[in-house]
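Trainee: Heads up: the sequence lines are chains A and B, in that order.
Going by the working numbering, the first sequence opens with residue 8, and the numbers climb by one from there.
Going by the working numbering, the second sequence opens with residue 3, and the numbers climb by one from there.
Cβ atoms here follow ideal geometry from the backbone N, Cα and C, with glycine treated the same way.
Just so we're clear, the structure is a prediction, and the values are computed from it rather than from any experiment.
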Amino acid sequence: MTLSEYVSSRWDELTQAAGQHALVVALSILMATLIGVGVGVLTYRRPRLAGLATAATAGFLTIPSFALLGLLIPFLGLGWGPTLVALVMYSLLPIVRNTIVGLRAVDPAVVEAGRGMGMSAARVMARVQLPLAWPVILAGIRVSTQMIIGIAAIAAYVAGPGLGNQIFDGLARLGSVNALNAALAGTLGVVVLALAFDLFYLVVRLLTTPRGLRA
Amino acid sequence: MPDDISDGVRIELDGLTKRYPGQEVPAVDNVTMAIPAGELVVFVGPSGCGKTTTMKMINRLIEPTSGSIRIGGEDVLGMPPDQLRRRIGYVIQQIGLFPHLTVAQNVALVPKLLGWPKAKVTARVDELLNLVGLDPAQFAGRHPRRLSGGQQQRVGVARALAADPPVMLMDEPFGATDPITRERLQNEFLRLQRELRKTIIFVTHDFEEALRLGDRIAVFRERSRIAQYDTPARILADPADDYVASFIGGDSTLKRLALISVGDLAADPAAEVDGLPRVSATATLREALDVMVSHSTQQVACDGGVLTYAAICAAAEPAREREEVPGAR
Ligand SMILES: Nc1ncnc2c1ncn2[C@@H]1O[C@H](COP(=O)(O)OP(=O)(O)OP(=O)(O)O)[C@@H](O)[C@H]1O
Ligand SMILES: [Mg+2]
């Protein structure tokens, strides 16, 4: 069987795995964005806390993915739980760092003008600072996504969802029928997903960058 | 401060002091002054003397260490800061327009915060843009990035005026413009203020600007200590000390003449105007003098008749008395 014959014969199974892969990545990024932007908002004005947040999230990234997933099993069991937690941890650094960088780059005069006009601090953050920092934050989110799409494949190790199962399956029985096809199809799927996400971010960036900020 | 009063209200600073943490001397030291309702008071003083700090204590962007502030008789320090600030127009030196919002959205911000109905906000934005000389059809939908510096400053002023606040704080609002644009903005602003009669505190480094705009000028020393607080004419005629005199520079008589317009003097209606250069009634005596010198004449024609060099000299008299040139005529 050629690769393309394999793909068409297993189309349903592959698309379902790809769908789950995309879902687990999207959910992780969503949670990481909420947490990461929150951490950034709370720390960007306090250099020591900001440094701590960056160091901690950078620390997460140095943990080998097999180790992290394995270590989570005693607490979260198998499947989606450890997968989500690990992916969120891996995606935090770029989001936290870019939120801090983006908020610090907002012209203080604009913030002072907002406060001086009688906007509350929270309102200035929501209506002025975050929209102005958004292009930088979005760039961080995009980097995180690219990073964890690959890592998500390893979640098959803890029986997590996604294309990793194809790859692991194939690699485990290399030499037998369709083993190579399975591994290749899974890998190819990850690459295609990565491209699809990137395209998605391109569109999001175009739609969400305030017109006044575009060059 | 009631909502619906748009005419100016009196501002009183009493023993106002700000000591920044970790600094030995206060940035603002025991300032007491009153700004009469509807007047434009200009703060001038060297860089770092505490002008901005004094101003920002009034809208509580900076909390005073001690002292009190009353606006229209009400104690400012007892009000919720956000509510207070919505009734004080604030123009910051760096303009600070929101780059992600259009000109119209920038101007509409405070009225929206105050919950004005949409139609009223839209009408107000158009009115204000016209007021500052920006055609709404052309500028309302633009983003700040696509405006010149002078246009941005006008939007900044329009934004501060939006909710018709009785008090305006303006920190070097025309600082970032070339002299020609600056003069035009100043003139437009003077015209506006004659109509609106708000209570305005205006910070500048430019003494000429202070003379041109101020009903009164407060000359500050270090730590916001007031060296002199008086009308432009009296500061020019009678500077309190050498420090104040140094702000005026060497041409105080000419500066005084710039404060008086040709229409303020009685011209000689009987005299012959034929062949004389003309000046308008709104021109200043300084400009009239300039015309005389450039035409090598001692007379100019104006609406009421003929204005003479002697009349200009007489108008400058209070200042001339102080000059140590005995017998000079
Ligand atoms: N946040 C701050 N923390 C500590 N010191 C400050 C702070 N802001 C201002 N100062 C100090 O207080 C003094 C007065 O500053 P302020 O900004 O009021 O001066 P200014 O008269 O507005 O000067 P300029 O004309 O240059 O704008 C200065 O010596 C300044 O260094
Ligand atoms: Mg200042």
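Is the Cβ-Cβ distance between B:M59 and B:I71 less than 8 Å?
Mentor: In this structure, B:I71 lies closer than 8 Å to B:M59 by Cβ.
Trainee: How far does the alpha helix (DSSP H) with A:Y97 in it extend, from its first residue to its last?
Mentor: 87 to 111 is the extent of the alpha helix (DSSP H) around A:Y97.
Trainee: Of the choices B:S298, B:G307, B:Q300, whose alpha-carbon is the least far from that of B:V275?
Mentor: When only C-alpha atoms are compared, the closest one is B:G307.
Trainee: Please state the DSSP three-state secondary structure of B:K122.
Mentor: Helix, per DSSP.
Trainee: Taking Cβ positions only, does B:H207 come closer than 8 Å to chain A?
Mentor: No, B:H207 lies away from the interface with chain A (no Cβ there is under 8 Å from its Cβ).
Trainee: Give the straight-line distance between the Cα atoms of A:G77 and A:L91, rounded to the nearest whole angstrom.
Mentor: Roughly 13 Å between the two C-alpha positions.
Trainee: Below 8 Å on C-beta distance, what does B:N61 contact in chain A?
Mentor: Ordered by position in chain A, the residues that pass the 8 Å Cβ test against B:N61 are G123.
Trainee: Is there a C-beta anywhere in chain B that falls below 8 Å from the one on A:A112?
Mentor: A:A112 does not count as touching chain B.
Trainee: Give a yes or no on whether 8 Å exceeds the smallest Cβ distance from B:M3 to chain A.
Mentor: Residue placement at B:M3 is poorly supported in this model, since its pLDDT is 46, which falls under 50; the coordinates still yield a value, given next. Not closer than 8 Å to any Cβ of chain A, the Cβ of B:M3 fails to qualify, so no.
Trainee: Could you have a look at B:L63 and say whether DSSP puts it in helix, strand or coil?
Mentor: The answer is coil: DSSP assigns B:L63 none of H, G, I, E or B.
Trainee: Helix, strand or coil, according to DSSP, for A:T40 in the structure here?
Mentor: If DSSP states are grouped into helix, strand and coil, A:T40 belongs with the helices.
Trainee: Strictly under 8 Å for the Cβ-Cβ distance: is A:A133 near chain B by that measure?
Mentor: Not one chain B Cβ lies under 8 Å of A:A133.
Trainee: Where does B:G117 fall in DSSP's three states?
Mentor: Note: B:G117 maps to coil in three-state DSSP.
Trainee: Flag B:V205 as yes when its Cβ comes closer than 7 Å to any non-hydrogen atom of ligand 2, and as no otherwise.
Mentor: Yes, Cβ of B:V205 sits closer than 7 Å to a heavy atom of ligand 2.
Trainee: I'd like to confirm the pairing. Which residues does DSSP put opposite B:D270 in its beta bridges?
Mentor: Paired residue(s): B:V308.
Trainee: Closer than 6 Å by C-beta to B:Y22: which residues in its own chain qualify, once you throw out the five before and the five after it? Chain order, please.
Mentor: Excluding sequence neighbours, B:Y22 sits near A29.
Trainee: When you compare the CB of A:L214 with every CB in chain B, is at least one pair closer than 8 Å?
Mentor: So, not an interface residue.
Trainee: Would you say A:E20 reaches chain B, if we count a Cβ-Cβ gap shorter than 8 Å as a contact?
Mentor: By this cut-off, A:E20 is not an interface position.
Trainee: Residues of the segment 79 to 92 of chain B in Cβ contact with chain A at a cutoff of 9 Å, in chain order, please.
Mentor: Cβ contacts with chain A come from P83, D84, Q85, L86, R87, R88, R89, I90, G91, Y92.
Trainee: To the nearest angstrom, how far is the alpha carbon of B:D240 from that of B:D208?
Mentor: Spanning the two alpha carbons is a distance of roughly 19 Å.
Trainee: Could you tell me the boundaries of the alpha helix (DSSP H) in which A:I158 lies?
Mentor: Here the alpha helix (DSSP H) through A:I158 covers 137 to 160.
Trainee: So what does DSSP say about B:L171, is it helix, strand or coil?
Mentor: The answer is strand: DSSP assigns B:L171 an E or B state.
Trainee: Indicate whether the contact test is met: 3 or more Cβ pairs, each with one atom in the segment 160 to 168 of chain B and one in the segment 182 to 190 of chain B, closer than 8 Å.
Mentor: With a cut-off of 8 Å, the segment 182 to 190 of chain B and the segment 160 to 168 of chain B do not count as touching, because too few Cβ pairs lie within range.
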